[in-house]
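Undergrad: For the record, in the sequence shown the residue sitting at position 213 is 213 according to this note's numbering, with numbers rising by one throughout. Virtual Cβ for every residue (Gly too), placed ideally from N, Cα, C.
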Amino acid sequence: MRKTLLSLGVAAALATPILASAQQAAPASPHTVAGNAGLFSSYRFRGIDQTFGKPAIQGGIDYSHASGLYAGNWNSNVSEGAGFPAANLEMDFYGGWKKSFGDFGLDAGFIYYYYPGSDANLAAGTSFASPHTTRTHTGLVDNKEIYIGASWKWLSLKYSHATDDYFSLPGTKGSRYLDVSANYDLGNGWGVNGHVGSFKLKGWSTGTDLTNGDYTDWKIGVTKDVNGWVFGAAYIDTDAKGSCNPANPGFYCFANQLPAGPGAKLKDAGRGIVVLSVSKTF
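#1: Under the assumption that K158 contacts D179 (Cβ atoms under 8 Å), give the Cβ distance between them as a whole number of angstroms.
#2: Mind checking who D179 pairs with in its DSSP beta bridge?
#3: Could you spell out where the beta strand (DSSP E) holding Y94 opens and where it closes?
#4: Would you call the segment 103-113 in contact with the segment 146-161, where contact means no fewer than 3 C-beta pairs closer than 8 Å?
#5: Pick helix, strand or coil for F40, following the three-state DSSP scheme.
#6: Excluding sequence positions up to five away, which residues of its chain have a Cβ less than 7 Å from the Cβ of N77?
#7: By DSSP, does N188 sit in helix, in strand, or in coil?
#8: From the DSSP output, in three-state form, read off S168 for me.
#9: State the Cα-Cα distance for the pair Y252 and A86, rounded to the nearest angstrom.
#10: Which partner residues of F110 appear in the DSSP bridge assignment?
#11: In angstroms, rounded to a whole number, what distance separates the CA positions of G261 and G242?
#12: Under DSSP, the beta strand (DSSP E) around N77 begins and ends at which residues?
#13: Does the Cβ-Cβ distance between A34 and G59 come in under 8 Å?
#14: Go ahead and pull the three-state DSSP assignment for F282.
#15: Under the assumption that G250 contacts G203 (Cβ atoms under 8 Å), give the Cβ distance between them as a whole number of angstroms.
#16: Quick check on the burial criterion: 16 or more other C-beta atoms within 10 angstroms. Buried or exposed for G284?
#17: Return the chain-ordered list of same chain residues with a C-beta closer than 6 Å to the C-beta of R44, the five sequence neighbours on each side being excluded.
#18: Any idea if S168 is buried or exposed, counting beta-carbon neighbours within 10 angstroms, 16 or more meaning buried?
#19: Which partner residues of G35 appear in the DSSP bridge assignment?
#20: Using CA atoms only, rank isn't needed, just tell me which of G72, N143, W152 is closest to G83.
#21: Among all the DSSP beta bridges, which residues are the ones paired with C253?
#22: Tell me whether the beta-carbon of G197 lies closer than 8 Å to the beta-carbon of R46.
#23: For G105, tell me which candidate among P259, S41, L155, L140 has the shortest Cα-Cα distance.
#24: If we ignore side chains and look at the alpha-carbon of each, how far apart do K54 and A162 end up?
#25: Would L201 be called buried (16 or more neighbouring beta carbons within 10 Å of its own) or exposed?
Rendered as structure tokens:
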């Protein structure tokens, strides 16, 4: 019996390094899946208020392959007055290819912005409160864009181009957005970030006309990672025309509901604001 136990012990001892070697030799999976969730005091899309100043719950899931291919989904609550009548949810679906080459990176893909339940007919000819925007659109509110980006260390540049009418505004196919961002790690869980973006709404008048939808937005923020929970504070502002003066309203004067009937509240959707957040990737 002791010889049997000794034999088993020797066999186990010999098998251990073999198993360990096999485990070490096992190739890493080329597939990666990650989720994210966050709570934000307000949702700003390209600097423009999407929740009428109210909090937003956001989250999504991402898949990536070692080849650089990726796909994902991201979601947030929204206010129908931001141009999504009868809807209160934004769902983004995207896919593309991303690759790093040392300190440099490339990213190219397609994104679809979907607002389930939205009905552009309810906007009475406009996605905005401004009476200047009188073109009629119909059906579901959505948006389709292609994008290409490049990065170097903590700097990034991204160009987005609408392949269809921008959020269902007729004649705005080809609208574009250019984004320059910086994210710098200070160490000990601290980070700072900044951003400047320029939006060009194709098909609408320019110059001093208040229907002008072109604008520039910017952000400066700080983050702190505490055991995987990222706390953030950022100041976001724009030069978007958002005046809600009834005699001379701006393009980005949004209502809390659409159509904006009697009793509706109005707000400058491009005004400066501090956004607080907490988020986690898992």
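TA: On the basis of the supplied data:
#1: 5 Å
#2: K158, G197
#3: 89-101
#4: Counting Cβ pairs under 8 Å, three or more are found: they touch.
#5: strand
#6: T51, A56, I57, N88, L89
#7: coil
#8: In the structure shown, the three-state DSSP call for S168 is helix.
#9: 19 Å
#10: Per the DSSP secondary-structure output, F110 pairs in a beta bridge with G95, I146.
#11: 19 Å
#12: 69-77
#13: no
#14: coil
#15: That belief does not hold up - the Cβ atoms of G250 and G203 are roughly 18 Å apart, past 8 Å.
#16: In the structure displayed, the chain extends from 1 to 282; residue 284 sits before or after that span and is not available.
#17: I236
#18: buried
#19: I61
#20: N143
#21: D268
#22: The criterion of a C-beta distance shorter than 8 Å is satisfied by G197 and R46.
#23: Comparing Cα positions, the closest option is L155.
#24: One C-alpha to the other measures close to 27 Å.
#25: buried
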